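Heads up: the structure comes next, in structure tokens.
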Amino acid sequence: MDQHLLVFVTVVEKESFSRAAEALHMTQPAVSQYIQVLENTYGVKLLDRNNKFVRLNKAGEIVYFHAKEILGLYTKMQGLMDDLTNRASGSLSIGASYTFGEYVLPHFIAKLHHEFPLIRPSIVIGNTRKIADLVLRHQLDIGIIEGNLESTQLKIDPFADDQMVVVASTQHRLAWLEGEVAASELEKETWLVREVGSGTREATERIIRELSIAPKEMMEFGSTQLIKESVESGLGISFLSHLAIRKELSLGLLKIVRVKGTPLKRDFSIVLQSAFQTKALEVFVKILRESKGFWNSEEG
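The opening position of the sequence shown corresponds to residue 4 in the working numbering, with each subsequent residue numbered one higher.
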């Protein structure tokens, strides 16, 4: 692995030469020397620094962006070479969109750790667009996303279904209506939605189109948990994964509003960039694909 790039990335992410030295088990002068060699190699300063801060300049941003990709490829290559003689082990970087990452992924990480304790997973949670981009840039070994995504550079493979439902507070007027709620009733409400780029936002926009409604107001939130809390408080209604509201349903804090065309099914998909897979990645993908029992138990 290129040690100069590793030192540079660590300095950037720690925002300090001293903290980078501590993380890399090096002396601070040694870290400074690595950065100086790298800057001499490219003939340009990469960092703006003084006694208070270390920041990327324009040249540094370019090197950092590509250094992350290069280091990701080094790690993947080393893992593949280790697999020639060893059992499934080593690092595994996993990215997941919010619904899957926060409400489903922990179950699979526990299973992975139980069966393959030598694998060291690291987790990144973000919206669908961000996770796909990190996989494309080799900064994640695998992504798990919700909703639809088209890409000619990534392999996208659906492996499980999710169900999206309209949800309201148990004290909300819609929660007390009998039978299916008319689309015109939903139009009168404030909709609490996720940010653009989120699979949940995509599903929300899809159901709004299918119902041919124009909600009076839409409020955007960057967290499903914040949306649930806001719906519970009576701020508005939302369109969320059934997986994300199981606890609130069981506690009687939220209620599913019956609406024509729901539950709306969407896919959870595995996203990969390379045809080469480490053993660690192979066994994790296998765990995901053999997860029918988990989904069946959730539906029941």
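For every residue, glycine included, the Cβ atom is placed at its ideal position computed from N, Cα and C.
Quantities reported herein were computed from a predicted structural model and do not represent experimental measurements.
Spatially closest choice to residue i from the options, by CA coordinates
i    : options                : result
V262 : T203, F56, N53, S187   : S187
H141 : Q36, D160, Q276        : Q276
S272 : I248, G202, P32        : G202
L95  : V12, I145, V10         : I145
A62  : K250, K55, N54, L49    : L49
A99  : L267, H28, I147, S294  : I147
F103 : E208, H245, A217       : H245
E183 : V260, V107, G46, H7    : V260
N60  : N130, L74, E18, V34    : E18
L284 : R204, H116, F20, E190  : H116
L214 : G255, V234, S253, V169 : V169
T131 : L121, F162, R204, R292 : R204
I122 : T44, I128, G93, V286   : G93
L76  : S294, A171, F279       : F279
Y101 : L243, P32, G237        : L243
S236 : T193, I97, I211, R90   : T193
K258 : G239, A171, E105, K289 : A171
A206 : S253, T265, L256, G255 : T265
G167 : R249, A24, L256, Y37   : Gly is not the amino acid found at residue 167; the sequence shown has Met there. Taking only the C-alpha atoms, the option nearest M167 is R249.
Residues bridged to residue i [DSSP beta-bridge criterion]
i    : result
E127 : Per the sequence shown, the amino acid found at residue 127 is Val instead of Glu. In the DSSP output, where bridge partners are listed per residue, V127 has G98.
A163 : F271
L139 : None; L139 has no bridge partner.
S324 : Past the boundaries of the shown model lies residue 324; the chain is included only from 4 to 303, so the question cannot be answered.
K79  : DSSP output for K79 lists no bridge partner at all.
V262 : V184
R22  : Partner(s): none; R22 has no beta bridge.
I145 : I97
I230 : Answer is none; I230 lacks a bridge partner.
I122 : G93
Residue range of the beta strand (DSSP E) that includes residue i
i    : result
T193 : 193 to 197
S241 : 240 to 244
R52  : 50 to 52
L59  : 57 to 59
Residue burial classification, residue i (beta-carbon count within 10 angstroms, cutoff 16)
i    : result
D165 : buried
G303 : Any reading at G303 must be qualified, since the residue scores a pLDDT of 37, below 50, and its modelled position is unreliable; the value itself is stated next. Exposed, since its Cβ has fewer than 16 Cβ neighbours within 10 Å.
S241 : buried
R269 : buried
L41  : buried
T30  : exposed
G46  : exposed
D160 : exposed
F56  : exposed
M4   : In this prediction, M4 has a pLDDT of 47, which is less than 50 and means its spatial position is unreliable; what the coordinates show is noted afterwards. Exposed is the call here.
F111 : buried
L158 : A small fix is needed here, since residue 158 is Lys in this sequence, not Leu. By the 10 Å Cβ count, K158 comes out exposed.
Q6   : exposed
L291 : buried
S125 : exposed
F20  : buried
A135 : buried
K282 : buried
N- and C-terminal bounds of the alpha helix (DSSP H) containing residue i
i    : result
G202 : 202 to 214
F287 : 282 to 292
L9   : 6 to 17
F224 : No alpha helix (DSSP H) holds F224; the beta strand (DSSP E) holding it covers 220 to 224.
Q156 : Here Q156 belongs to no alpha helix (DSSP H), and DSSP marks it neither H nor E.
I248 : Careful: I248 lies outside any alpha helix (DSSP H) and carries neither H nor E.
P32  : 31 to 45
L108 : 108 to 118
Checklist entry - So, do the segment 67 to 83 and the segment 167 to 179 have three or more beta carbon pairs nearer to each other than 8 Å? => result no
Item to check | Segment contact flag, the segment 216 to 223 with the segment 145 to 162, C-beta cutoff 8 Å, min 3 pairs | outcome: Taking 8 Å as the limit for Cβ pairs, the verdict is that the segment 145 to 162 does not touch the segment 216 to 223.
Checklist entry - With a cut-off of 8 Å, do at least 3 Cβ pairs link the segment 225 to 244 to the segment 184 to 199? => result yes
Next on the checklist: Using 8 Å as the cut-off, can you tell me whether the segment 10 to 23 makes contact with the segment 50 to 70, which would need three or more C-beta pairs spanning the two stretches below that distance?
Outcome noted: yes
Item to check | Any 3 or more C-beta pairs closer than 8 Å across the segment 126 to 143 and the segment 66 to 73 | outcome: Flag = yes, the segment 126 to 143 and the segment 66 to 73 touch.
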